[in-house]
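In the working numbering, the protein residues as written are 7 to 120.
Using N, Cα and C, we set each Cβ at its ideal position, and we do this for glycine too.
In this text, all values refer to a predicted model and were calculated from it rather than measured experimentally.
Structure first, commentary second.
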């Protein structure tokens, strides 16, 4: 799995969401830290360090030869713009998510309290 440029990653995520409408998409993200010795020693940092973020998306196909895997690394200075674009793509592509029915929750709460 090679890391894509941010814009190419966003284009391919959008295409993957369109292709897999109604199917599962797996999204993972984590902070990238290159200084392993600092983590091992447990030394507390100043808290002002900026780290890159790794974002991965896969379609979760059981057949590994057909599985689509996408990943990108976002630099700390590009995080804000990337998250805005990424959130818009996910909102438009994840149409199958249901909103919570608040009426049912209120009815249940009333039954419990009565």
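Counting only runs of 4 or more residues that sit fully inside the segment 65-110, the alpha helix (DSSP H) segments are 85-99, in chain order. The residue from 76, 69, 39 with its alpha-carbon nearest to that of residue 55 is 39. Burial is judged here by how many other beta carbons sit within 10 angstroms of a residue's own beta carbon; residue 80 has at least 16 and is buried. Residues 77, 78, 79 of the same chain have their beta carbon placed closer than 7 Å to that of residue 9, with the five preceding and five following residues left out of the count.
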